[in-house]
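A short write-up of the structure that comes next.
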Amino acid sequence: MDWSLLHTLNDFLASHDGLEDSLLLYVEASEALFIATLAVVFLCAHGVRYLAWRRASDAAVLSAGLGLAIAKVISELVDRARPFVPDPHGVHLFAAHAPDPGFPSDHATAAFAIAVAILLRKRGWGIFALVAATVLSIGRVALGVHFPSDVLAGAAVGAASALLLWWAPLRIRIDALADALGRRLDRVLDGGAGRLGLRWRA
Numbered sequence: 003m004d005w006s007l008l009h010t011l012n013d014f015l016a017s018h019d020g021l022e023d024s025l026l027l028y029v030e031a032s033e034a035l036f037i038a039t040l041a042v043v044f045l046c047a048h049g050v051r052y053l054a055w056r057r058a059s060d061a062a063v064l065s066a067g068l069g070l071a072i073a074k075v076i077s078e079l080v081d082r083a084r085p086f087v088p089d090p091h092g093v094h095l096f097a098a099h100a101p102d103p104g105f106p107s108d109h110a111t112a113a114f115a116i117a118v119a120i121l122l123r124k125r126g127w128g129i130f131a132l133v134a135a136t137v138l139s140i141g142r143v144a145l146g147v148h149f150p151s152d153v154l155a156g157a158a159v160g161a162a163s164a165l166l167l168w169w170a171p172l173r174i175r176i177d178a179l180a181d182a183l184g185r186r187l188d189r190v191l192d193g194g195a196g197r198l199g200l201r202w203r204a
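Per the numbering used here, the sequence shown starts with residue 3, numbered consecutively.
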């Protein structure tokens with residue numbers, strides 16, 4: 003099943019150049035895109051009205067960090083080769099990639115950890131993030147760098163990490179950390195705005 007789904011997606015992408023270019027661009031930019039989005043949200047969510055946004059971005063970062071740490075341990079234990087390693091002639095590789103272990107997918111782990119953490123706090127945007135994470139995961143398979151089970155495992159690890167940090171005793175501490183960082187950032191922003199003769203709206 004793994005090989006069948008992989009070849010179906012991989013061969014489809016190989017025969018659709020327009021889709022290949024846009025998907026490759028998104029997949030390669032995804033890491034920076036997710037990080038930049040969370041950073042912008044945290045920086046711009048100024049004031050009490052947007053407290054939930056800062057908490058969501060903080061939880062998303064911590065969930066991704068936890069998920070990636072767990073994925074690293076699993077990767078070392080399983081040591082599963084990426085599909086282009088055992089089948090270099092049958093798998094179309096659209097961009098150079100290191101032949102390091104691919105189970106579970108780091109990209110899927112981080113993307114789903116972020117998406118589920120947001121979903122638990124902001125349903126609408128969480129659904130959007132889940133769609134983005136799903137497209138990213140399918141894209142990694144289509145590009146030939148992961149088996150479907152690699153991204154499914156990554157999605158499970160990422161989602162589980164976000165759900166673990168949603169556990170009330172941990173969530174309270176994460177929210178308190180986000181609030182403390184937010185207050186400190188607000189003081190810096192308010193100080194800078196004051197020197198410029200501006201005022202942030204809460």
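Built from N, CA and C at the ideal position, the CB exists for glycine as well.
When Cβ pairs closer than 8 Å are counted between the two stretches, the region 23-32 is seen not to touch the region 85-92, the count staying below three.
For valine 147, the three-state secondary structure derived from DSSP is coil. The region 104-114 makes contact with the region 124-138: 3 or more CB pairs, one atom from each, lie closer than 8 Å.
Glycine 49 counts as exposed, since fewer than 16 other C-beta atoms from the protein chains shown sit within 10 angstroms of its C-beta.
Residue Arg142 holds the alpha-carbon nearest to the alpha-carbon of glutamate 30 among Arg142, Ile174, Ala162, Val190. Straight-line measurement puts the Cα of proline 103 at about 6 Å from the Cα of serine 77. By a beta-carbon distance limit of 8 Å, phenylalanine 44 contacts aspartate 60. Their separation comes to about 7 Å. For the pair alanine 180 and arginine 56, the Cα-to-Cα distance works out to about 6 Å. Between the region 93-102 and the region 115-124, the count of C-beta pairs closer than 8 Å stays below three; the two stretches do not touch. In terms of CA proximity to leucine 7, Gly146 leads the group Leu166, Gly146, Ala182, Gly126.
For the 9 Å CB-CB criterion, glycine 69 and alanine 164 form a contact.
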